[in-house]
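Working notes, beginning with the structure itself.
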Amino acid sequence: MSSGVKLASDCVEVFNQLKLGRKFGIIVYKISADSTQIEVEEKVSGSEATFDKFLSLLPENNCRYVLFDYAFEEEGANKNKITFVQWCPETSKIKEKMLYTSSKDALRKALVGIQMEIQGTDKSEVDHAAFKEKVNRI
1 MSSGVKLASD
11 CVEVFNQLKL
21 GRKFGIIVYK
31 ISADSTQIEV
41 EEKVSGSEAT
51 FDKFLSLLPE
61 NNCRYVLFDY
71 AFEEEGANKN
81 KITFVQWCPE
91 TSKIKEKMLY
101 TSSKDALRKA
111 LVGIQMEIQG
121 TDKSEVDHAA
131 FKEKVNRI
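Be aware that the sequence shown starts at 1, since it is given in full-length UniProt numbering, and climbs by one per residue.
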């Protein structure tokens, strides 16, 4: 199901700056107030993109899409996985959740190179343990 929501012109360009240049470590996308396009809401530089910063960018009552360059250690080596997070908290409005869910594929398909995907409705579904569990399944 598609919602008809389009991507703003800079959505892919900003993602490529994360993917190719590691200029950003976190990108937050939102659907515009008039529900016509997905746009970049916030960008966090790579050095400031901590897990705590990622969690702080998730609104308590609103949906968002977040790209997070998740850093972790595996077998003594530092690794990263570009992670797509669909954040739809239980406290958000039903219409908003439906719009974000039906619009996800438009963004997800345009951002080539995502390595992991997580969906969250509360903070426990996007905490360190959830990310580590997902990494171990890949």
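Each residue gets a CB set at the ideal place from its N, CA and C atoms; glycine is no exception.
Unbroken beta strand (DSSP E) run spanning residue i, endpoints
{"i": "S103", "result": "No beta strand (DSSP E) holds S103; the alpha helix (DSSP H) holding it covers I94 to A110."}
{"i": "R137", "result": "Taken as a continuous stretch (DSSP letters only), R137 belongs to no beta strand (DSSP E), being part of the alpha helix (DSSP H) at H128 to R137."}
{"i": "G25", "result": "F24 to I31"}
{"i": "E60", "result": "That residue, E60, is in no beta strand (DSSP E); it is neither H nor E in DSSP."}
Residue i, enclosing alpha helix (DSSP H) - first and last residue
{"i": "E13", "result": "C11 to K19"}
{"i": "S56", "result": "F51 to S56"}
Collapsed DSSP secondary structure at residue i in the structure displayed
{"i": "A8", "result": "coil"}
{"i": "M1", "result": "With a pLDDT of 47 at M1, under the threshold of 50, the modelled position of this residue cannot be trusted; read the value that follows with caution. Looking at M1 - three-state DSSP - the assignment turns out to be coil, as it is neither helix nor strand."}
{"i": "D69", "result": "strand"}
{"i": "E125", "result": "helix"}
{"i": "G46", "result": "helix"}
{"i": "E75", "result": "coil"}
{"i": "Q115", "result": "coil"}
{"i": "T83", "result": "strand"}
{"i": "E90", "result": "coil"}
{"i": "G120", "result": "strand"}
Span separating the alpha-carbon of residue i from that of residue j
{"i": "I26", "j": "K95", "result": "26 Å"}
{"i": "V135", "j": "T83", "result": "10 Å"}
{"i": "K53", "j": "F131", "result": "15 Å"}
{"i": "C88", "j": "T121", "result": "5 Å"}
{"i": "F51", "j": "D127", "result": "9 Å"}
{"i": "S102", "j": "R137", "result": "26 Å"}
{"i": "E125", "j": "I118", "result": "8 Å"}
Assumed close pair residue i, residue j - CB separation to whole angstroms, cut-off 8 Å
{"i": "L58", "j": "R64", "result": "7 Å"}
{"i": "V5", "j": "Q37", "result": "6 Å"}
Whether residue i touches residue j by CB criterion (7 Å)
{"i": "E39", "j": "V28", "result": "no"}
{"i": "K79", "j": "F72", "result": "yes"}
{"i": "A110", "j": "V12", "result": "yes"}
{"i": "K30", "j": "G113", "result": "no"}
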